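Heads up, the thing below is written out as structure tokens.
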Amino acid sequence: MAKTATLEIEGKKYEFPLVEGTENEVAIDIKNLRASTNGYITLDSGYKNTGSCESAITFLDGEQGILRYRGYAIEELAEKADFLEVAYLLIFGELPTKEQSDKFHNDIKKESAVDEDVKKILDAFPKAAHPMGVISSLTSALTAFNPSSVNVNSEEDMYKSVVRILGKMPVLVAWTMRKKQGLPLDYGDNSLGYVENLLKMMFSRPNSCYVQNPVLVNAMDKLLILHADHEQNCSTSTVRIVGSSHAGLFASISAGISALWGPLHGGANQAVLEMLKAIEADGGDTKKYMAKAKDKSDPFRLMGFGHRVYKNFDPRARIIKKAADQVLHDLGIEDPILEIAKGLEKEALEDQYFVDRKLYPNVDFYSGIIYRAMEIPVEMFTVMFAIGRLPGWIAQWREMRLRKEPIGRPRQLYIGETKRSFVPIEER
Ligand code: CMC
Numbered sequence: 062m063a064k065t066a067t068l069e070i071e072g073k074k075y076e077f078p079l080v081e082g083t084e085n086e087v088a089i090d091i092k093n094l095r096a097s098t099n100g101y102i103t104l105d106s107g108y109k110n111t112g113s114c115e116s117a118i119t120f121l122d123g124e125q126g127i128l129r130y131r132g133y134a135i136e137e138l139a140e141k142a143d144f145l146e147v148a149y150l151l152i153f154g155e156l157p158t159k160e161q162s163d164k165f166h167n168d169i170k171k172e173s174a175v176d177e178d179v180k181k182i183l184d185a186f187p188k189a190a191h192p193m194g195v196i197s198s199l200t201s202a203l204t205a206f207n208p209s210s211v212n213v214n215s216e217e218d219m220y221k222s223v224v225r226i227l228g229k230m231p232v233l234v235a236w237t238m239r240k241k242q243g244l245p246l247d248y249g250d251n252s253l254g255y256v257e258n259l260l261k262m263m264f265s266r267p268n269s270c271y272v273q274n275p276v277l278v279n280a281m282d283k284l285l286i287l288h289a290d291h292e293q294n295c296s297t298s299t300v301r302i303v304g305s306s307h308a309g310l311f312a313s314i315s316a317g318i319s320a321l322w323g324p325l326h327g328g329a330n331q332a333v334l335e336m337l338k339a340i341e342a343d344g345g346d347t348k349k350y351m352a353k354a355k356d357k358s359d360p361f362r363l364m365g366f367g368h369r370v371y372k373n374f375d376p377r378a379r380i381i382k383k384a385a386d387q388v389l390h391d392l393g394i395e396d397p398i399l400e401i402a403k404g405l406e407k408e409a410l411e412d413q414y415f416v417d418r419k420l421y422p423n424v425d426f427y428s429g430i431i432y433r434a435m436e437i438p439v440e441m442f443t444v445m446f447a448i449g450r451l452p453g454w455i456a457q458w459r460e461m462r463l464r465k466e467p468i469g470r471p472r473q474l475y476i477g478e479t480k481r482s483f484v485p486i487e488e489r
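When we follow the numbering used here, the leftmost residue of the sequence shown carries the number 62, and every step to the right adds one.
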């Protein structure tokens, strides 16, 4: 017999089916709650207890620190796969064969040219503009340059939109950074791998030949893989909900980029570095900042600590910590900021406040250190997160459309004024 949950409201009982996932997670299906209870809704601010969809893309167990893409452990993928293989896996469900992988990369390369007129839009932004704002706008502008809507019943249409955005996004990212630095734009080199090409477009100088550093290529590849998907987080939920109105892929991704920008989400990597610099400038007293983080009357939070779902450790943080050590070692970098980071990490892991609340360093605590070693400007950190998350957003958007999910439209509990009469201005 199918399992159910019983809800009792004012003496009346209602049955709701239980739905079980492949990892034995159980959900109460409340689809018919309003209809059967005559108007009752659930209230769950921040959606801490609400499953917005069924998804076969990413499995995350926050208590045990497990993260898997399509069943593969993140640790294994970070070690053995490259970013494009992971992108293919997330979007299409299986690791690509050599043939599929080559075709995928070639198709992306064919779409890697951005309309020259995009440069005019880029030129119009002030140099001081935050790159996340620029990238979100340029991604949205792509909709105007590629207006054909995606027929979700056509495999070919879906595939085209996927390779198009994967081809164009690295160009937009690199151009945004170069524009800010006053450098001429680089069109990339399609004979290179996806990550190598991204690095070339970001770092080449007009008067010298860009030489790839395998340590940096490897670190960037890992960073992008670790950020590639994270199930229904704030930006991904945004992409799905925008896409649920049948808005196009570029428009949905542009909205996701805006959601990622915030310091409680992707913007945390920039916030971590700024926090570490501020501590350094203030004499490097980590204890003082630990006390601030614990003081409830002080809005300061230790950026890079805590996570909505990981309540033991962030498995991405473990991998990235190793990569950060390797990059700093291989590049021979001694960074006082890193010393402060290590000090904070040690103190927080031993501090009762952080232990009680299960606050551990998250992926953003370490990623900023690698980006800094790579000489990526701080304001670009969240953009790097965005390019890593791109395959996840695409995969989730595609899944949502293929499953023909309904438009996302939450309910609310109204707590405002009840009906009242208009008062003319002279009588108020
Ligand atoms: N520093 C100090 N106290 C904290 C912190 C922190 N970083 N994070 C949470 N707390 C405290 C919080 O004050 C609360 O204390 P109390 O129970 O006494 O009121 C308790 O821990 C629970 O916090 P919460 O805000 O209810 O937890 P949440 O699950 O809603 O928030 C979070 C998760 C990530 C927004 C939060 O931990 C935070 O603001 N961290 C700093 C920002 C950050 O690093 N964000 C990156 C997340 S990883 C990248 C990504 O996936 O986007």
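Note that the Cβ used here is the ideal one computed from N, Cα and C, for glycine as well.
Treat the numbers as computed from the prediction; the structure is a model and nothing was measured.
With contact defined as three or more Cβ pairs closer than 8 Å, the segment 79-89 and the segment 453-471 are not in contact.
For the pair ALA339 and ALA402, the Cα-to-Cα distance works out to about 12 Å. By the C-beta criterion, the segment 223-235 is judged to be in contact with the segment 188-205, since at least 3 inter-stretch pairs fall below 8 Å.
Around the beta carbon of LYS283, a 10 Å sphere encloses 16 or more other beta carbons of the protein chains shown; the residue is thus reported as buried.
By alpha-carbon distance to LEU104, the top candidate from VAL484, ILE476, PRO485 is ILE476. Fewer than three pairs of CB atoms, one per stretch, sit closer than 8 Å, so the segment 209-220 makes no contact with the segment 238-247.
In terms of side-chain proximity, the C-beta atom of ASN274 is found no nearer than 7 Å to any non-hydrogen atom of the ligand CMC. Per DSSP, the unbroken beta strand (DSSP E) holding LYS73 starts and ends at 73-81.
Separation of PHE186 and PHE446 (C-alpha to C-alpha, rounded to the nearest whole angstrom) is 22 Å. The C-alpha of TRP454 is placed about 12 Å away from the C-alpha of ALA320. In the three-state DSSP reduction, LEU244 falls in the coil class, being neither helix nor strand.
For the ligand CMC, no non-hydrogen atom lies closer than 7 Å to the CB of MET336.
Only exposed fits PHE361, as fewer than 16 other CB atoms lie within 10 angstroms of its CB. Apart from the 5 residues on each side of it in sequence, PRO192 sits with its Cβ closer than 6 Å to the Cβ of THR237, GLU440, MET441, VAL444 in its chain, given in chain order. Residue environment analysis places ARG418 among the exposed positions, since fewer than 16 neighbouring C-beta atoms fall within 10 angstroms of its C-beta.
Per DSSP, VAL439 is not a residue of any alpha helix (DSSP H), being assigned neither H nor E. THR299 is the residue among THR299, ASN110, ASN330, GLY328 whose C-alpha sits nearest the C-alpha of SER315. The Cβ atoms of ASP375 and GLY126 sit closer than 8 Å to each other. In this structure, the ligand CMC has a non-hydrogen atom nearer than 7 Å to the beta-carbon of LEU325. Residue burial annotation: THR200 is buried, with at least 16 other C-beta atoms found within 10 angstroms of its C-beta. Exposure of ALA174 is indicated by the presence of fewer than 16 other C-beta atoms within 10 angstroms of its C-beta. Proximity of the segment 384-398 to the segment 274-282 meets the contact definition, three or more beta-carbon pairs being nearer than 8 Å. Cα atoms of ARG472 and GLU69: separation of roughly 21 Å, rounded to the nearest angstrom. The beta carbon of ARG225 lies closer than 7 Å to those of GLU172, ASN207 in the same chain, with the five residues before and after it left out.
Annotated three-state conformation of ARG129 is strand, per DSSP. The residues LEU121, GLY123, in chain order, have a CB closer than 7 Å to that of VAL370 in the same chain once the five nearest residues on each side in sequence are set aside. Pairing LEU334 with ALA235, the inter-Cα distance amounts to about 21 Å. Taking every protein chain shown into account, the CB of LYS188 has fewer than 16 other CB atoms within 10 angstroms, so this residue is exposed. For ASP122, the shortest C-beta to heavy atom distance toward the ligand CMC is 7 Å or greater.
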